[in-house]
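Protein chains: 2
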Amino acid sequence: MGEPRWLNETEMQAWAGFLEASDLLNRLVELHLREAGGVTRVQYEILHRLNESPESLRMTELAALMVCSPSGLNYQVGQLVKSGLVRRDPDPSDERGILISLTEQGRAVLLAAAPGHVATIRAGLIDLLSEQQVAQLASIMKVARDHLRSLVPTAPSRRAVDKRS
Amino acid sequence: MGEPRWLNETEMQAWAGFLEASDLLNRLVELHLREAGGVTRVQYEILHRLNESPESLRMTELAALMVCSPSGLNYQVGQLVKSGLVRRDPDPSDERGILISLTEQGRAVLLAAAPGHVATIRAGLIDLLSEQQVAQLASIMKVARDHLRSLVPTAPSRRAVDKRS
DNA sequence: TGTTCTTGTTTCGAATTCGAAGCAACGTAG
DNA sequence: CTACGTTGCTTCGAATTCGAAACAAGAACA
């Protein structure tokens, strides 16, 4: 490979800014969620996904919607079960599958935490930007997300152990 | 507080996209760095900061430049010392202070990892965007970063333990 | 029907992160 | 000069995350 194309000033600012802003935002959201609802960002996201989907979700489906390893997801679901916010049921159609669904308490916790969560997101990002900038950000992130989704493995790649005989 | 101002469609896309894209990018960068240079993203950042600054940095200064707790930084610096990429020296002007500086090997590792790192950043974000979008992103992230910096505590706040006697 | 491959989830150990607490050196006020 | 609050770093235990391996149940196929 030829000599690398280094980042120019603007590109550097975009990257460094993005990195630091996302770290700080994560920190902020985590902080507020904990002192408000007593849940993690990941846990909140699990509750949110479950609430959004009409049916209960299997571990695999849930994992596909989120960015974390199967084992990481399993751990957090376990925590939520312990707190009584989520239920694990066997999938009648597939003995292997596990169906995850919100309990009443889980839905209540989500609804209670949501307003504060949205306020945090506004205070930390959305309300800092003009309407136009929000649209730009949405558009930029759509490109990045779509591309990264196909580029970054979240599950352990079985293909790595692929044997071509 | 009145009823919450929920996010509209575009705002939601901006937020969700940002969150997921940053998670995926982190993952991608971490992955590539590990298999290339054998360092973590945080470790890379430490090396990078040290290389950028003309003088060696104190722990506190380094912590201020990054987004991580003092203890987290201490751990990673410890790892880097163990690998011989970084040196800890006492600060002659202040017995408490510790000066961190790159070793020759540390600089070498950084320089070796840099091209691949930049390539990853390009492949995962920068090269997906138009020149205009990169400028927009840089501008947006500057606003967010500056604001978040003053909003999010990275060090344990001593003020919390403030005694009002 | 067995055999073998694949898929879905869980367990395990290691690495990283945090906040709180601990300790040591600084600086200041009496 | 001594006491006290402050600052800088480290240690500690707990929580979270990951990848690899284990396990169990479908599916494909001879």
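Those protein sequence lines, which keep their order, are chains A and B.
Each step along the first sequence adds one to the number in the numbering used here, with nothing skipped, and position 132 is 132.
Adding 1000 to a residue's 1-based position in the second sequence gives its number in the numbering used here.
Just so you know, even glycine gets a beta-carbon here, dropped at the ideal spot from N, CA and C.
In this text the structure is predicted, and so the values were computed from the model without any measurement.
| Check | Outcome |
| --- | --- |
| Residue of B:Thr1010, B:His1032 and B:Asp1091 minimising C-alpha distance to A:Leu151 | B:His1032 |
| Residues sharing a beta bridge with B:Ser1101, DSSP | B:Arg1087 |
| Three-state class that DSSP yields for B:Arg1159 in the structure shown | Because B:Arg1159 carries a pLDDT of 48, less than 50, the predicted location of this residue cannot be relied on, and the following value inherits that uncertainty. DSSP places B:Arg1159 in helix when its eight states are reduced to three. |
| Under 7 Å from the C-beta of A:Ala36: neighbouring residues of chain B | Residues of chain B passing the Cβ test: none, with the nearest at roughly 12 Å. |
| Proximal chain A residues relative to B:Thr1010, where beta-carbon distance stays under 7 Å | Val134, Ala135 and Ala138 |
| Proximity of A:Met66 and A:Arg49 at Cβ, strictly below 9 Å | yes |
| Helix, strand or coil at B:Leu1111 [DSSP, three-state] | helix |
| Pairwise C-alpha distance: B:Glu1104 and A:Val109 | 53 Å |
| Stretch-stretch touch, CB-based, cutoff 8 Å, three pairs: the segment 1-16 of chain A with the segment 1127-1138 of chain B | yes |
| Inter-residue Cα distance where the pair is A:Leu148 and B:Gly1124 | 6 Å |
| Residues sharing a beta bridge with B:Asp1094, DSSP | B:Asp1091 |
| Own chain partners of B:Ala1155 with C-beta closer than 8 Å, once the 5 adjacent residues on each side are dropped | Ala1063, Ser1069 and Pro1070 |
| Buried versus exposed call for A:Gln132 [16 or more other C-beta atoms within 10 Å across all chains shown] | exposed |
| Any C-beta of chain B under 9 Å from that of A:Lys142 | yes |
| Same chain, Cβ closer than 7 Å to B:Phe1018, neighbours up to 5 away in sequence not counted | none |
| Option nearest B:Gly1097 by Cα separation, candidates B:Ala1113, B:Asn1074 and B:Gly1106 | B:Asn1074 |
| Neighbour flag for A:Arg107 against chain B, beta carbons, 9 Å | no |
| is_contact[B:Glu1055, chain A] using C-beta, thresh 9 Å | no |
| Euclidean distance between Cα positions of B:Asp1091 and B:Thr1060 | 12 Å |
| Start and end residues, alpha helix (DSSP H) containing B:Met1059 | Met1059 to Leu1065 |
| Inter-residue spacing [alpha-carbon to alpha-carbon] between A:Gln76 and A:Ile46 | 9 Å |
| Which listed residue (B:Leu1128, B:Tyr1044 and B:Gly1072) has its alpha carbon closest to that of B:Ala1114 | B:Tyr1044 |
| A:Asn74 Cβ short of 8 Å to the ligand ATP heavy atom set | You won't find the ligand ATP in this model; it holds no ligand whatsoever. |
| Backbone secondary structure at B:Thr1120 - three-state DSSP | helix |
| Reduced DSSP secondary structure (H/G/I, E/B, other) of A:Trp6 | coil |
| Identity of the residue in B:Leu1007, B:Ala1119, B:Leu1085 and B:Leu1024 nearest A:Lys142 by Cα | B:Leu1024 |
| Buried/exposed call for A:Ala21, threshold 16 Cβ in 10 Å | buried |
| Chain B within 9 Å of A:Pro70, Cβ atoms only | no |
| C-beta neighbour in chain A for B:Arg1027, strict 9 Å | yes |
| Alpha-carbon to alpha-carbon, B:Val1081 and A:Arg7 | Just to set this straight, residue 7 of chain A is Leu in the shown sequence, not Arg. Near 29 Å, if we compare the C-alpha coordinates of B:Val1081 and A:Leu7. |
| Residue burial classification, B:Arg1034 (beta-carbon count within 10 angstroms, cutoff 16) | exposed |
| Secondary structure of B:Pro1070, DSSP reduced to three states | helix |
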